[in-house]
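**Student:** Before we start, here is the structure in question, set down as C-alpha cells.
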C-alpha cells in the first residue's frame, strides 16, 4: 500500500468542523455518538481511505511460565527461523522484533545463511528492531540505573551485530507506565514510544476523547529539561494481540483459514473492526498489532492468510474505504508525523494499573521480595566490579577489552532480571529460581578464618562519587575482636554481645570511605578479648520483658531521641533534638488477609479481604536494648523463631538440612520446622519468625546519624498473609504521598477515594523512597533497599508492604498461587526532618536512597601472616577520583566499553530536579580531564559524548522527530545545546550525560 500523506498543517478536517457545528445544542449523548460516527465515516469516504498498518509482531517473554532457555528452545527459535525464511518471499512483508536477549541467543546458533538474510532484511526495512533492549523492562519496580544498563546491553549488541539503532520504543506489556520512561528514551534517541497497559478509566477516557496519542513529559522534567524530555506516545487502542478470530496458528474453528469462499466475509469483519478502532484517533492511519505471546512460530501460515486478506481489501479499497499493508512501527510513526498535527501534553504516570474495578495490579510491587533484593544487590555489585576493572586495568596497563567477556555474564544476568515478568515476581516459582541462579556470584566468607583465630583483612569500597562515612556490619563466630587500620591504629568498632539466631555475633565498624582522597586503609579484625580505647565501647545490654507498667525506654544519638513503650515494647515517639520537638510515631507490623473469592489476591493483584489489617501480635513485644559507643539498638521480637525439635520430617532427606542451623529462615530449616508442626495454629497467626531491630548510629554526619535504621527478619509467612510495616504519626500530611519513580523522580500523589478497592487502589510503587510531609512540622522519609509497594491511607500514616504469600491464583496467566516460602532480611532508613529545611528533605529522599542501594562494599582476605604481612604485600588504599563529585552529581557508570579499543564509559547523573531548592538544583560542572587520578589512568586522549545507551553520537538527538505541542508550559526549561564542551562539562537538573573516553598512558 502507498501511505497517503495529508496536506501540511491540517489541524481538523472540514467534516470534523461540520460535526461540531451540527452537534451544537445536541443534548442526547447517544444521538451525539451516532452523528459523530456517521460524519466521521462520511469524511473518510469523501476524503481519503483509512490506512491500516498491519504490524506483524511476537511478544516473547524471556521467562514467565518457562525459563528463558525453555521458551527459546520450545518457541522463540521457531519464530525467528520461520520469519527470516518467509520475509524474503515478498518484499511487501514486514515484521518487528523486540527482545535482544532472545535475538542474541538465536544469533549464537543461526547459520551463516540465516545471518546474511537477517542483515539484508534489516537493511531493506522488512525486519525492524524496535526497542532493542536486552528485555522489555518493568516500569514500576526497576531503578533507572538498571533500565539504562539493560538498554545499553541490548543496543550495543544490535549495533555491533546488525549496525542498527532502534527508532521506536515498544512497551506493550509492563503493568502500568512510568513518566520516567519517556525522558530516558528521549535521551536514547527514540522518535516515539508505544505503550499499552494503562488504568482502565484512563484508557476509556482517552478512547472517548481521541487522546490516545500525545506528547508525554513528566511534570518534574518540565522545569528541568523542557522539550529535551518530550516523547510522542501512542497508547494501543486495544490489547497487543491480533483481532479476535484472526490467529491463524490457533484453533481453526474460531480462527478459520482464509479461502476464496470466505475471504469476502472475513475481510469485511476485519474492515469493520478497523473502522471501529479508527474512531479513537484524530487521523486516518490505524496501527493494528498482528501477533500475540510467542506467535508467528509458523510464519508461513500467518503470512499466507494475511496476504490473501490484504490483497482482497486493497482490490476493493474504493468500496470498503480502507487500504491495508504490512508496516513497521517506523512507517506508521513517519506517516502520522507527516500530517503536521498538533498534540496535547500528558505529564503524569499510569500507576496504579487496573484492568477492572476489582483488580489493581499493586501486588507485584512487593511479590517475591527476596528476588527484588537480590536484583538490587547484584546491580550494585556490577557497578562496583566495573569500576574496579577499569581502574585495575588502566593502572596495570592490562587490556580493557580482554576482560570484558568476563563481565558479560553478570551484565546480562542483571539485565535479564529487569524483564517485566522477572523482577516483578509474576513468574512461576521455578522460573524465579532460574533468574536467581543466573545472578549468583560466589562470595568469600571470613567466618572460618576468624573461628580459627586468624586475622582477616576487610577492604571497604565506595561505589558512589562522594566521600562518605558509613557503618559496616560483619557477622562473626567470636564475641571479641580488635579492629585496626593498616598502620595499626585502632578503628572504632563495637560487638553486639547477644548471639543472633545462628550463634554468631555482629561487629559494627565505623569507616570513612573515600572516593577522591586516600580511603581509610582496610580494617583488620583480630580475635581477642573485648578491647577498646574507650571502655564504653563494650556495649551495655538491658532486657525488658513484656510486663505492663515498665517504664518507657529511650535511645538517642546526636539527631534523635527515640522512645519505646515499657508496656508494649513498641516505638511510640521520636524527638528531633535540633528543634526540641517530639512527633508521635507508632510503628507496628500488621498483615492483610489476601482475598480468595471472586477476584483473588495474587502475584499481580493486591486485593485484601477487608480494609483493616490485623496486628502480627496484640501482645506486648519482647524487646532488649543495646547501648554502645558506636550504635544503640532496640531488638524487638514480634514473633520469636519456633524451637527446633530435631530430626527430620515430611520425608525430608536429612542430607538436605544442616542439623546445627537455627536461622529459622532458610528453606530447609523451615521445612523441618513446619514438618514438625511446632504449633500449627501459631504459624497460622503470621509466620515462623518476625524480629525487628531499630538502630541509631552515634554520628554527626546526616548520611549516617540522620536516620533510624530499621532491620526486619521475616521467616516463613503463613499462607494468605500480606505483611506490612505501618507508621502512624500526628503529622498533618493531608492526603498526599511522596514516592519515587524508578529511583529517579519524586512524585506526589493524593489519596483517591474513587476506587472500590480503597486500599490496593492507593498503593504506589517505590524503588527507593516514600515520604509524608506536614508543611508546618516535619517530613517523615523512608528509604528502602528494594522495590516495594507503599500507601498513605490516612493523614499522618505511611505503610509499606514487605512480603506476601497467597493461596489463590489471581487469573492473570501465571497459573499458580504466590506461594513464596522464602524468608527475607530487609532494611529501611527513617528520617524525620523539619519540612522547611527543603534541601535536607530533598537530600534525604535522594542521597539516602543512593547510599542504601549502593552500600559500602566489603571484600575479605585471610591474613596468614597477620596485618604486617598483608600491608607489605598488597595495596591498602586506592582513590579512584582525583576530586569528589559535586553533591548533586552521581557517578552512574565507570566501565570499559568492549568495542575494540581502550575506551571507558563515564555516565554522570544530576540527581535533583529544577524544582528542588538551590544549590542542589543548580547545574554542576565536572572536569573530565581531572575526574580520574592521572597517576592511575594517564591523561585523556579523546572525549566523545554519546546518547544514553551509547549507540549514537549525542548530536544525533537533533535529528529526532519534532512534534508540535498544542500548548507550551510557562516554566519550561530551554533545550540544552548538543555541542560537546568537553573536558569541562556542565550537567543540568535531571540530566544524564554519557561520555566515551580514551586515555593516554
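Residue numbers (the UniProt record's numbering): 1 to 1001. The beta carbon of each residue, even a glycine, is placed where N, CA and C say it ideally should be.
(1) If we require 4 or more residues per run, which alpha helix (DSSP H) segments fall completely within the region 410-496?
(2) In chain order, what residues of the same chain lie with their CB nearer than 8 Å to the CB of residue 953, ignoring the 5 residues before and after it?
(3) With a CB to CB cut of under 6 Å and the five nearest residues on each side skipped, what residues in its chain are close to residue 241?
(4) Would you report the Cα separation of residue 581 and residue 575, rounded to the nearest angstrom?
(5) Tell me which residue opens and which closes the alpha helix (DSSP H) that residue 873 is part of.
(6) Residue ranges of each alpha helix (DSSP H) run of no fewer than 4 residues wholly in the region 207-281, ordered along the chain?
(7) Verify whether the separation of the beta carbon atoms of residue 182 and residue 216 is less than 9 Å.
(8) Is residue 568 closer than 9 Å to residue 712 when the C-beta atoms are compared?
(9) Can you name, in chain order, every residue of its own chain whose Cβ lies under 6 Å from the Cβ of residue 346, other than the five neighbours on each side?
(10) Among residues of its own chain, excluding the 5 on either side of residue 357, which ones have a beta-carbon nearer than 6 Å to its beta-carbon?
(11) Let me know the secondary structure DSSP gives residue 920 once reduced to three states.
(12) From which residue to which residue does the alpha helix (DSSP H) around residue 177 run?
(13) Does the Cβ-Cβ distance between residue 710 and residue 693 come in under 9 Å?
(14) For residue 798 and residue 771, I'd like the C-alpha separation in whole angstroms.
(15) Name the one or two DSSP bridge partners that residue 169 has.
(16) Just the Cα atoms here: how many angstroms apart are residue 862 and residue 458?
(17) I believe residue 776 touches residue 732 by the beta-carbon criterion, under 8 Å. Please report the beta-carbon distance rounded to the nearest angstrom.
(18) For residue 798, does the three-state DSSP call read helix, strand or coil?
(19) Can you look up residue 72 in the DSSP assignment and give me helix, strand or coil?
(20) Any beta-carbon of chain D closer than 9 Å to the one on residue 622?
(21) Taking the alpha carbon of residue 1050 as the reference point, which residue from 278, 435 and 271 has its own alpha carbon closest?
(22) Out of curiosity, what's the CA-to-CA distance linking residue 890 and residue 908?
(23) Just confirm the distance between the C-beta atoms of residue 928 and residue 982, as a whole number of angstroms; I'd bet it's less than 8 Å.
(24) Just list the beta strand (DSSP E) runs in the region 679-744, keeping only unbroken ones of 3 residues or longer that don't cross its boundaries, in chain order.
(25) Which residue wins for smallest C-alpha separation from residue 342, given the options 211, 854 and 271?
(26) Taking residue 306 as part of the beta strand (DSSP E), name the residues at either end of that continuous run.
(27) What does DSSP give as the partner residues of residue 592 in its beta bridges?
(28) Just to check my reading of the structure: residue 853 and residue 376 have Cβ atoms closer than 8 Å, yes? What is that Cβ distance to the nearest angstrom?
(29) Pull up the CB-CB distance for residue 158 and residue 129, whole angstroms please, since I reckon it's below 8 Å.
(30) Quick test of your reading: residue 486 and residue 871, contact by CB under 8 Å. State the CB separation rounded to the nearest angstrom.
(31) Straight-line CA distance for residue 635 to residue 381?
(32) Under 8 Å: do the region 820-835 and the region 612-627 share three or more Cβ pairs, one atom per stretch?
(33) DSSP state of residue 936, grouped into three classes?
(34) Which one of 120, 803 and 612 has the shortest CA to CA distance from residue 758?
(35) If you draw a straight line from the alpha carbon of residue 152 to that of residue 248, how long is it in whole angstroms?
(36) In angstroms with no decimal places, state the Cα-to-Cα distance between residue 833 and residue 766.
**Tutor:** Put simply:
(1) As far as the region 410-496 is concerned, its whole alpha helix (DSSP H) runs of at least 4 residues are 429-439 and 447-451.
(2) Taken in chain order, the residues that qualify are 944, 945, 946 and 947.
(3) Setting aside the 5 residues that flank it on each side, residue 241 is surrounded in the same chain by 292, each with a C-beta closer than 6 Å to its C-beta; the list follows chain order.
(4) Cα to Cα, residue 581 sits roughly 6 Å from residue 575.
(5) Counted as a single uninterrupted DSSP element, the alpha helix (DSSP H) harbouring residue 873 occupies residues 866-873.
(6) Taking 4 residues as the minimum length, the alpha helix (DSSP H) runs contained wholly in the region 207-281 are 219-222 and 263-278, in order along the chain.
(7) A distance below 9 Å separates the beta carbons of residue 182 and residue 216.
(8) Cβ distance not < 9 Å, so residue 712 and residue 568 don't count as in contact.
(9) Annotation for residue 346: 214 and 216 place their beta carbon closer than 6 Å to its own, counting only its chain and skipping 5 residues before and after.
(10) Cβ neighbours of residue 357 beyond the five flanking positions: 756.
(11) Under the three-state reduction of DSSP, residue 920 is assigned to coil, being neither helix nor strand.
(12) Note, residue 177: premise wrong, no alpha helix (DSSP H); not H, not E.
(13) Less than 9 Å divides the Cβ of residue 710 from the Cβ of residue 693.
(14) Straight across, the Cα-Cα distance linking residue 798 with residue 771 is about 8 Å.
(15) Per DSSP, 193.
(16) Roughly 9 Å separates the two Cα atoms.
(17) Indeed, because the Cβ distance is near 7 Å, the residues count as touching under 8 Å.
(18) Three-state result, residue 798: strand.
(19) The DSSP-derived three-state label of residue 72 is helix.
(20) Within the model displayed, chain D is absent; a lone protein chain is all it includes.
(21) The structure shown does not extend to residue 1050, since the chain spans only 1 to 1001, so no value can be given for it.
(22) If I take the Cα positions, the gap works out to 6 Å.
(23) Indeed they touch by this definition, with Cβ atoms about 6 Å apart.
(24) Inside the region 679-744, DSSP marks whole beta strand (DSSP E) runs of 3 or more residues at positions 690-697, 708-714, 721-729 and 736-741, from first to last along the chain.
(25) Ranked by Cα distance from residue 342, the first of 211, 854 and 271 is 211.
(26) That residue, residue 306, is in no beta strand (DSSP E); its alpha helix (DSSP H) goes 299-315.
(27) Note: residue 592 sits in a beta bridge opposite 722.
(28) Correct: roughly 6 Å between the Cβ atoms.
(29) About 6 Å separates the CB atoms of residue 158 and residue 129; that is less than 8 Å, so the two are in contact.
(30) A Cβ-Cβ distance of about 5 Å is found for the pair residue 486 and residue 871, placing them in contact under the 8 Å criterion.
(31) Rounded to the nearest angstrom, the two C-alpha atoms are 29 Å apart.
(32) Contact between the region 820-835 and the region 612-627 is absent, because fewer than three Cβ pairs lie under 8 Å.
(33) If DSSP states are grouped into helix, strand and coil, residue 936 belongs with the helices.
(34) It is 612.
(35) Taking the straight line from one Cα to the other gives about 36 Å.
(36) Between the C-alpha atoms of residue 833 and residue 766 there is a straight-line separation of about 20 Å.
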